[in-house]
Amino acid sequence: MEVAKTIVSVRGLVKAARSKGKRIGFVPTMGALHIGHISLIKAAVEKCDFVIVSIFVNPVQFGTGEDFEKYPRPLEADLGICKKAGVDVVFTPVRELMYPSQNLTWVNVEKLTEQLCGRFRPGHFRGVTTICAKLFNIVAPDIAFFGWKDAQQAIVIKRMVADLNMPLEIVICPTVRRPDGLAVSSRNKYLTAEQKKDAALVYKSLQKCREMVDVGITDSRTIITEMRKILSRASSIEIEYISIVDAEMLQEVEYIAGRILIAVAVRIGSTRLIDNILVDLSKQ
Ligand code: PAF
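Residue numbering for the sequence shown follows numbering that gives the first Met the number 0, starting at 0 and increasing by one per position.
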């Protein structure tokens with residue numbers, strides 16, 4: 000496994016692999032790798048012949064007062080995980096390489112980024128799409144892999160790729176959960192054991208939603224009320240939003256019909272957690 004620190008070296012390695020007819024898979028990350036990332040890498044290894052992982056804690060997707068400084072950066076452990084998982088190249092650029100001067104060019108997906116997390120994290124998705132566009136331009140992958148836990152991010156990136164005719168495929172992999180249902184996230188590291196127990200209620204609330212839909216309850220207000228009841232069992236949980244939206248344009252819906260995303264964001268102490276499920280009634 001190679002560790003590339005420069006754009007020239009990544010491009011060189013990709014060019015050499017492509018000249019041998021290899022299909023290039025790419026998993027962009029901010030490091031602090033966990034089993035969720037490993038599942039993305041596994042998918043990339045299965046579908047592609049040459050796999051690149053980037054590790055870069057992207058400053059421009061963090062807002063003021065967010066956790067950019069304290070975001071975990073266990074580089075050695077991350078490199079070990081990548082090697083074991085069969086990665087060919089890990090790209091570890093420094094900030095000056097990705098943002099050498101004041102950034103005047105931004106990629107912004109409209110409308111989709113104004114809903115859900117976009118309401119609470121202004122500028123976040125502009126930071127995500129800008130860094131992904133830069134990374135796609137550097138790595139030039141055939142396929143890039145993202146996790147469904149960050150459903151809005153996945154939907155926004157797919158839209159950017161489609162709208163800007165970027166020549167790659169986006170593959171979205173399922174959310175990986177702990178046995179108690181808590182979605183695996185780098186930010187779980189901030190939680191105490193007690194807070195992790197409380198955090199498992201987030202998925203319980205989503206399961207409750209699915210159960211209600213399964214018995215024919217489709218009224219969003221009724222479902223959100225029941226979900227709130229579950230989350231209120233832990234006084235440590237502060238709900239940021241519970242939204243029921245269509246899975247394409249992310250607009251709130253009164254009733255569940257078609258492909259619907261049920262998304263939750265909470266704060267537990269100073270940690271912000273998100274999770275979601277997709278309900279698809281379009282095939283019924
Ligand atoms: O999901 C993440 O880890 C980040 O948002 C990403 C896609 C690597 C961009 O910095």
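Heads up, the beta-carbon is just placed ideally off N, CA and C, and yes, glycines get one too.
**OP:** State yes or no: is the C-beta of M97 nearer than 7 Å to some heavy atom of the ligand PAF?
**Re:** no
**OP:** Give the secondary structure of V89 by DSSP, where H, G and I count as helix, E and B as strand, and everything else as coil.
**Re:** strand
Original post:
With DSSP run on the structure shown, which of helix, strand or coil describes V214?
Top reply: coil
Subject >> the ligand PAF heavy atom lying under 7 Å from the CB of N136 >> reply: no
**OP:** Just jot down, in chain order, the residues whose CB lies closer than 6 Å to any heavy atom of the ligand PAF.
**Re:** P27, T28, M29, N57, Q60, V127, I130, C131, D149 and Q152
Subject >> Rounded separation between R94 and N57 - CA only >> reply: 8 Å
**OP:** Output the boundary residues of the beta strand (DSSP E) element that contains V278.
**Re:** T270 to D279
Original post:
How long is the line joining the alpha carbons of A150 and V212, rounded to whole angstroms?
Top reply: 20 Å
Subject >> Cβ-Cβ separation, V13 to V138 (assumed contact under 8 Å), whole Å >> reply: 6 Å
**OP:** Return yes when the Cβ of I34 is within less than 8 Å of the Cβ of S183, no when it is not.
**Re:** For clarity, residue 183 is Val in the given sequence; the question names Ser instead. Their beta carbons are under 8 Å apart, which means V183 touches I34 by this criterion.
**OP:** Tell me whether the beta-carbon of A84 lies closer than 8 Å to the beta-carbon of C172.
**Re:** no
**OP:** For my contact list, P71 and K195 are in at a C-beta cut-off of 8 Å; report their separation, rounded to the angstrom.
**Re:** Actually they are not in contact, since the Cβ atoms of P71 and K195 sit about 16 Å apart, beyond 8 Å.
Original post:
Considering only C-alpha positions, which residue in the set E225, T191, G215 and R271 is nearest to S204?
Top reply: E225
Original post:
For Y70, which residues does DSSP report across the bridge?
Top reply: Paired residues: none, contrary to the question.
Subject >> For Y98, the three-state DSSP class (helix, strand or coil) >> reply: coil
Original post:
Under the three-state reduction of DSSP, which class applies to L167: helix, strand or coil?
Top reply: coil
Subject >> Within 8 Å, strictly: CB atoms of L78 and V88 >> reply: no
**OP:** With a 10 Å radius around its C-beta and 16 neighbouring C-beta atoms as the bar for buried, classify G117 as buried or exposed.
**Re:** buried
Original post:
Ordered along the chain, which non-local residues of its own chain (more than five positions away) have a Cβ less than 7 Å from that of R209?
Top reply: I276 and V278
**OP:** Count the other CB atoms, across all protein chains shown, that sit within 10 Å of the CB of M248; report buried if there are 16 or more and exposed otherwise.
**Re:** exposed
Subject >> Span separating the alpha-carbon of I243 from that of A256 >> reply: 11 Å
Original post:
To which residues of the same chain is F49 closer than 6 Å at the C-beta, ignoring the five residues directly before and after it?
Top reply: A16, K21, I23 and D87
Original post:
With burial defined as no fewer than 16 other Cβ atoms inside 10 Å of the residue's Cβ, what is the status of T112: buried or exposed?
Top reply: buried
Original post:
Would P166 be called buried (16 or more neighbouring beta carbons within 10 Å of its own) or exposed?
Top reply: exposed
**OP:** Report all residues from its chain with a CB closer than 8 Å to the CB of W290; omit the five preceding and five following residues, and keep chain order.
**Re:** Lying before the first or after the last residue shown, residue 290 is absent from the chain, which here runs from 0 to 283.
Original post:
So what's S219 in DSSP terms, helix, strand or just coil?
Top reply: helix
**OP:** Would you list, in sequence order, the uninterrupted beta strand (DSSP E) runs of no fewer than 3 residues that lie entirely inside the stretch 35-80?
**Re:** 49-54
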